[in-house]
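In what follows, a structure is listed as structure tokens, so that the remarks can point back to it.
In this note's numbering, the protein residues as written are 112 to 409.
Structure, rendered in structure tokens:
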């Protein structure tokens, strides 16, 4: 709630300090027989729309409530709950962004699914259950998306040292070297998919002698993924194919060095994909790196 309201004023909220303040206030409330406090959705919006800008607004509100309770209770005794509800609804409606639903649906159906589940659960069950349902659905969708990461066979863009997806760009590829880019960190949910895809790629290219895994998008490799990589090395070696790594990030390499994976690696670890191709197939690399000459005009 604090982040949402702060964003509307282009302010920054330190969540740690907020939690410390709430914790201290609740400890004081427990020691003094007071009410526990928290950030209320409706009350915060009403306070915000009333023009509150500093914590002093809370103190003044408390003074006003105390004075009203002591001096003006008979005047508000019969105030209908509908009036109070209308006040809150009008304030909260300013935070409802219907357009975000359409934008999310157009951008990502998976994200829209999580949003729709959250909205329906909040309206039908309650805020707490609704938020919990949204979190659970988001986690499930995350596991589903990352369990089948995007993988692409890449080739060299003529006249450059860049490598791109062979299905999206006009690139030069090697007949004996296959380079594959994985656009996701490797962990238990996608290890089987990674293993099957890489071995299928090798199986469909019998002339392959070297398999290079481009790791530029890999930020983490867990224990299950490490075992899968070891299995890929062994099965590739059985097929006469060496397995290499390229563009491995520092933190990932630090973890690999703490294991025995690098000692069993049949290939090498290259600083860049261009360096890997230049070492494994210099003829194709030289041909792809030659300057591109535009055809003369009529």
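Glycine included, each C-beta is placed from N, C-alpha and C at the ideal position.
Asked	Found
Suppose contacts are defined by Cβ-Cβ distances below 8 Å. Is residue 241 in contact with residue 229 by that definition?	yes
Pick out whichever of 352, 199, 183 has its Cα sitting closest to the Cα of residue 322.	352
Should residue 128 be labelled buried (16 or more other beta-carbon atoms within 10 Å of its own) or exposed?	exposed
Check each candidate in 292, 204, 246, 140 and name the one with the smallest Cα separation from residue 266.	292
Helix, strand or coil for residue 365 per DSSP?	helix
Would the beta-carbon of residue 264 fall within 8 Å of that of residue 275?	no
Mind checking who residue 381 pairs with in its DSSP beta bridge?	357
So what's residue 207 in DSSP terms, helix, strand or just coil?	coil
Just list the residues that DSSP pairs residue 262 with in beta bridges.	293
Leaving out five residues before and five after residue 380 in sequence, what residues of the same chain have Cβ atoms less than 8 Å from its Cβ?	355, 356, 357, 359, 364, 373
Quick one: any contact between the segment 381-397 and the segment 337-345, if contact means 3 or more CB pairs under 8 Å?	no
Could you give the C-beta distance for residue 339 and residue 302, rounded to a whole number, given that I count them as a contact under 8 Å?	4 Å
Look at residue 392 and residue 315 and say whether their C-beta atoms are less than 8 Å apart.	no
Would you mind giving the Cβ-Cβ distance between residue 112 and residue 162, rounded to the nearest angstrom? I have them listed as a contact below 8 Å.	17 Å between Cβ atoms; not a contact.
Within this structure, are the beta carbons of residue 304 and residue 259 separated by less than 8 Å?	yes
Among 398, 159, 174, which has the Cα closest to the Cα of residue 284?	398
Identify the continuous alpha helix (DSSP H) that holds residue 223 and give its terminal residues.	220-235
Residue ranges of each alpha helix (DSSP H) run of no fewer than 4 residues wholly in the segment 121-162, ordered along the chain?	126-142, 152-160
Among 386, 324, 366, which residue has its Cα nearest to the Cα of residue 377?	324
Excluding sequence positions up to five away, which residues of its chain have a Cβ less than 7 Å from the Cβ of residue 337?	370, 372
What three-state label does DSSP hand residue 325 in the structure shown?	strand
Measure the C-alpha to C-alpha separation of residue 248 and residue 277 and round it to an integer number of angstroms.	34 Å
Could you tell me which of 329, 332, 368, 319 sits nearest to residue 348, measuring between CA atoms?	319
Taking residue 272 as the reference, give the member of 119, 400, 120 with the closest Cα.	400
Would residue 252 pass as a contact of residue 211 if the rule is Cβ separation under 8 Å?	no
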